[in-house]
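Visitor: First the structure, which I've put down as structure tokens, then a few questions once you've had a look.
Chains as they are written, first to last, in the numbering used here: chain A, 34 to 366; chain B, 286 to 573.
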């Protein structure tokens, strides 16, 4: 599959230190990359580098076939960006904000108006088209900013914290929208604090910490790398006795077995091993009330990577991120 | 996709390409900025009030007072050390015309140079520091407009209105002053050559000079207010200097006025070129 985004050794240094350190990644066209990490990880700087807003001190990148450092305008013609702060000019109306972007993207007046009207309708903002954006709610601002990012049908979309500040309904709308955009074949980079939304959307995940990329791949690939087998649990209505634990441990495909509050906690090579343990439990006369095979989620993978970061660097990862809270303003683009 | 050597030195970033200016994009940014400025009371009010004061209230009130001043007061005024340098050309006029020409032609009209200074400074602060303050700079930098075109748009967005307002204001001042002075002069006394050169040639140079200074200040400031405050420290002394020297410019031969204007243009253009070289996305994004 062709890479829509490719970077090798990309490095950005500010006066305050290294913001992005030798970033290397390769994102196939039409996929969703979740760029994860706490405040100051370098997510926003990465987006800026990939869109040619910042010039790297080292390394190379290509986005939609162009080098952002030397062909920035060509890249920006093919990308759309939703910044964490919507970046709307509050002295302009919704329509004027969109039309300005459309004109700057090279559309003539008629085409700019047509695209503006289409986006206003798509994002449910037609009724507020001629209102100044000052006083709009966070959700409305996000919708206008998303409409602006999509005006020109970009090949690549950079979405920085697209759901921060949104209520649950707004969050669901944005996630649905991103899913529909993926269906249209666009490549999406989702820089986010929210593991839930990333887990629902991402084909690939990149975990950054202090400018360094600590993990990159599909969640399944990273899970294979980080975890031995899958987790499983069997609800027996109470702790399993020693005999059943020993039987389970001796079953083919079981890596480990131990008694838990509700029954058995297992590590398994695959889901079939779980079925064999259930059969053994039934043969032993146990009542089985529930079975759960736990395939590692993106969230599990993230926290495992984070644990590895803590072990290798001694750094404590920002608590705000662990709790899934939105970024502070200092983190914004 | 072929992998490049990550350790290879990066090519010089964004040296301004020898490609054509994108005037459509420049016009779009200027038009957007103008539209936004028109809706901002904090910007429109001083741009209306100050010129109104300088172009209407002052020439009318001071002109009426000067017109009715008794002759002995005129003589006293002309002997004042404050206007010693101006006396010679004025003394050549009939006695009853002297005070009117002195006040409206030589003392008050140089204050018109405050207009290009103020308008370009206010608009430059809004156009450069204001984008940071409103947090619209980031989204602008993610659009396909070259650094050079964006800079040109921002400069033109401040320089154009400053010159336009100054020139329109000069015509207004000219008309008002001639009307106020008519009962005494019975002929138009403005513009005279030096006055016209100052307004057409020197005033735009001063607008560009103020703009150049404000762009430097705005790159350090986070808000429009901060830019204006920092700018005030630079611009205000310039205003006093301009007002003080402009009267002298009106008395020297026209080539001297042209030369003075040329010097100001040279300094102003130098500042603009330095600013243009420093105006890069990388720098803007790193400081926002």
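Beta carbons are placed, not taken as given, at the ideal position from N, Cα and C, and that holds for glycine.
What does the Cβ neighbour count give for residue 479 (chain B), buried or exposed, with the cut at 16 atoms within 10 Å?
Guide: That one is buried.
Visitor: Let me know the secondary structure DSSP gives residue 191 (chain A) once reduced to three states.
Guide: Note: residue 191 (chain A) maps to strand in three-state DSSP.
Visitor: Answer with yes or no whether the minimum CB distance from residue 4 (chain A) to chain B is below 7 Å.
Guide: Past the boundaries of the shown model lies residue 4 (chain A); chain A is included only from 34 to 366, so the question cannot be answered.
Visitor: Buried or exposed, going by whether 16 or more other CB atoms sit within 10 Å of the CB of residue 82 (chain A)?
Guide: With 16 or more Cβ atoms within 10 Å of its Cβ, residue 82 (chain A) is classed as buried.
Visitor: Which chain B residues sit within Cβ distance under 7 Å of residue 84 (chain A)?
Guide: Near residue 84 (chain A) (Cβ distances below 7 Å), the residues of chain B are 427.
Visitor: Checking contacts by CB at 7 Å: is residue 46 (chain A) closer than that to chain B?
Guide: With 7 Å as the cut-off, residue 46 (chain A) does not count as an interface residue toward chain B.
Visitor: Quick one: is residue 60 (chain A) near chain B, going by C-beta distance under 7 Å?
Guide: By this cut-off, residue 60 (chain A) is not an interface position.
Visitor: What residue range does the beta strand (DSSP E) around residue 61 (chain A) cover?
Guide: Counting along the chain, the beta strand (DSSP E) containing residue 61 (chain A) begins and ends at 50-61.
Visitor: Helix, strand or coil for residue 167 (chain A), going by three-state DSSP, please let me know.
Guide: Coil, per DSSP.
Visitor: Answer yes or no: does any C-beta atom of chain B fall closer than 7 Å to that of residue 124 (chain A)?
Guide: Chain B contact via Cβ: present.
Visitor: Return the residue from the list B:456, B:496, B:325 and B:564 that minimises the CA-CA distance to residue 475 (chain B).
Guide: Ranking the options by Cα distance to residue 475 (chain B), first place goes to B:456.
Visitor: So which residues on chain A does residue 421 (chain B) lean against when the C-beta distance must stay under 8 Å?
Guide: Going along chain A in sequence order, the residues near residue 421 (chain B) (Cβ under 8 Å) are 120, 121 and 122.
Visitor: Listed in chain order, which residues of the segment 127-149 of chain A have Cβ atoms closer than 8 Å to some Cβ of chain B?
Guide: Answer set for the segment 127-149 of chain A: 129, 133, 134, 136, 137, 138 and 139.
Visitor: Using a threshold of 7 Å, state whether the C-beta atoms of residue 396 (chain B) and residue 349 (chain B) are closer than that.
Guide: Not a contact, by the Cβ cut-off of 7 Å.
Visitor: Does the CB of residue 87 (chain A) have a neighbour CB from chain B at under 7 Å?
Guide: Yes, residue 87 (chain A) lies at the interface with chain B (some Cβ there is under 7 Å from its Cβ).
Visitor: So with Cβ pairs under 7 Å, would you call residue 325 (chain A) a contact of chain B?
Guide: With 7 Å as the cut-off, residue 325 (chain A) does not count as an interface residue toward chain B.
Visitor: Among the candidates A:345, A:175, A:181 and A:59, whose CA atom is the shortest distance from the CA of residue 110 (chain A)?
Guide: Considering only alpha carbons, the answer is A:181.
Visitor: Would residue 504 (chain B) pass as an interface residue toward chain A - the criterion being a Cβ-Cβ separation below 7 Å?
Guide: For residue 504 (chain B), the answer is no, since every Cβ of chain A falls outside 7 Å of its Cβ.
Visitor: Closer than 8 Å by beta-carbon distance: list the chain A residues that pair up with residue 305 (chain B), in chain order.
Guide: The premise fails here: residue 305 (chain B) is roughly 13 Å from chain A at the closest Cβ pair, so nothing lies under 8 Å.
Visitor: Per DSSP, residue 255 (chain A) is paired with what?
Guide: The partner list for residue 255 (chain A) (beta bridge, DSSP) is empty, contrary to what the question assumes.
Visitor: Please specify which runs of the alpha helix (DSSP H), each continuous and at least 4 residues long, are wholly inside the segment 430-513 of chain B, giving them in chain order.
Guide: Runs of the alpha helix (DSSP H) inside the segment 430-513 of chain B: 432-470, 478-482 and 488-505.
Visitor: I'd like to know whether the C-beta of residue 572 (chain B) is nearer than 7 Å to at least one C-beta of chain A.
Guide: Residue 572 (chain B) does not count as touching chain A.
Visitor: What residues of chain A sit near residue 567 (chain B), judged by a beta carbon separation below 8 Å?
Guide: Per Cβ cutoff of 8 Å: 86, 87 and 88.
Visitor: In angstroms with no decimal places, state the Cα-to-Cα distance between residue 401 (chain B) and residue 385 (chain B).
Guide: The straight-line gap from Cα to Cα measures roughly 25 Å.
Visitor: Name the one or two DSSP bridge partners that residue 106 (chain A) has.
Guide: DSSP output for residue 106 (chain A) lists no bridge partner at all.
Visitor: Output yes or no for whether 7 Å exceeds the beta carbon distance between residue 588 (chain B) and residue 328 (chain B).
Guide: This structure gives no information on residue 588 (chain B), because the portion of chain B shown stretches from 286 to 573.
Visitor: Quick check on residue 76 (chain A): does DSSP put it in helix, strand or coil?
Guide: Helix, per DSSP.
Visitor: Scan the segment 528-542 of chain B for residues whose Cβ lies nearer than 7 Å to a Cβ of chain A and list them as they occur along the chain.
Guide: Taking 7 Å as the Cβ-Cβ cut-off against chain A, none of the residues of the segment 528-542 of chain B qualify.
Visitor: Chain A beta carbons: is any one of them nearer than 7 Å to that of residue 557 (chain B)?
Guide: It does not: the Cβ of residue 557 (chain B) has no partner Cβ on chain A nearer than 7 Å.
Visitor: Using a 10 Å radius around the Cβ and a threshold of 16 neighbouring Cβ atoms, would you call residue 64 (chain A) buried or exposed?
Guide: Its Cβ being crowded by 16 or more others within 10 Å, residue 64 (chain A) is buried.
Visitor: For a contact defined as C-beta to C-beta under 8 Å, what are the partners of residue 114 (chain A) on chain C?
Guide: Of the protein chains in this structure, namely A and B, none is chain C.
Visitor: Tell me the residue span of the beta strand (DSSP E) that contains residue 44 (chain A).
Guide: Run containing residue 44 (chain A): 36-47, per the beta strand (DSSP E) assignment.
Visitor: Between residue 84 (chain A) and residue 420 (chain B), which are expected to be in contact by the criterion C-beta below 8 Å, what is the C-beta distance as a whole number of angstroms?
Guide: Not really, about 17 Å apart at Cβ, beyond 8 Å.
Visitor: Pull out every residue of the segment 436-449 of chain B whose Cβ sits closer than 9 Å to any Cβ of chain A, in chain order.
Guide: Hits within the stretch: zero.
Visitor: Check whether the segment 192-202 of chain A and the segment 131-151 of chain A touch, using three or more Cβ-Cβ pairs below 8 Å as the test.
Guide: No: the two stretches stay apart, fewer than three of their Cβ pairs being nearer than 8 Å.
Visitor: My guess is that residue 303 (chain A) and residue 286 (chain A) are in contact by the Cβ rule of under 8 Å, so how many angstroms apart are they, rounded?
Guide: With a Cβ gap of about 6 Å, residue 303 (chain A) and residue 286 (chain A) count as contacting.
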